[in-house]
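Take a look at the structure set out below.
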Amino acid sequence: MGRPSSKSSIVSQFADKLSPNEYKCKLCSKTYHCGTGTNANIRRHLANAHGKTNLYSKSQVPRNPDSIAPEKKRKFDDAAIKAIILDSHSFGDFRRAGMQSFLQVAMPGYKGPTARTVQRNLKALIQQLKKI
Ligand SMILES: [Zn+2]
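Residue numbers (the working numbering): 11 to 142.
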């Protein structure tokens with residue numbers, strides 16, 4: 011007997027259990043085999059094919075496709091912080107609504123440095139700029 015969980019009951023809304031290891035998707039009538047006692051495959055199918063992303067198990071949650079590589083983010087942060095220093099912006103300016111909507115279009119996934127990030131990097135960057 012599997013223990014009842016909210017995810018299982020959501021699955022049963024969208025899929026019929028045909029056998030202990032077989033589920034049929036009610037939304038597209040495809041049949042999915044799962045290991046006995048797990049509905050991971052049908053849950054992944056419901057999430058991927060039908061947008062039921064709340065059914066992903068924790069390990070299945072996909073990375074945000076918009077998220078950017080850490081090296082890239084650091085490079086953007088550096089450039090953003092330089093811009094803040096050069097133009098005397100407030101540290102948190104990149105997180106303001108106007109800049110956020112610009113960044114969403116220009117660099118999807120990049121949100122700009124927080125005021126804290128700016129502060130943390132400020133000292134090092136000022137040193138760098140002095141050398142230029
Ligand atoms: Zn389906």
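Idealized CB from N, CA, C, for every residue including glycine.
From a predicted model like this one, the values you see are computed outputs, not experimental measurements.
Outcome for residue i when other beta-carbon atoms lying within 10 angstroms are tallied against a minimum of 16
i	result
L96	exposed
F104	buried
G122	buried
I94	buried
H55	buried
I91	buried
V115	exposed
K62	buried
CA-to-CA distance, residue j to residue i, given in whole angstroms
i	j	result
G102	F86	15 Å
F112	A134	27 Å
L132	Y66	40 Å
M117	N58	25 Å
L28	G119	41 Å
S19	A25	10 Å
Residue i CB to nearest heavy atom of ligand 2 below 7 Å
i	result
I136	The model on display carries ligand 1 but not ligand 2.
Pick out every residue whose C-beta is nearer than 6 Å to a heavy atom of ligand 1: which are they, in chain order? Taken from the N-terminal end onward, the list reads C35, L37, C38, K40, H55, A59 and H60.
To test your reading of the DSSP string, which unbroken alpha helix (DSSP H) runs of 4 or more residues are found completely within the segment 79-138? Entirely contained in the segment 79-138, the alpha helix (DSSP H) runs reaching 4 residues are, in chain order, 80-96 and 107-116.
Should the segment 45-65 be regarded as contacting the segment 77-94, the criterion being three or more beta carbon pairs within less than 8 Å? The count of Cβ pairs closer than 8 Å, one atom from the segment 45-65 and one from the segment 77-94, stays below three, leaving the stretches out of contact.
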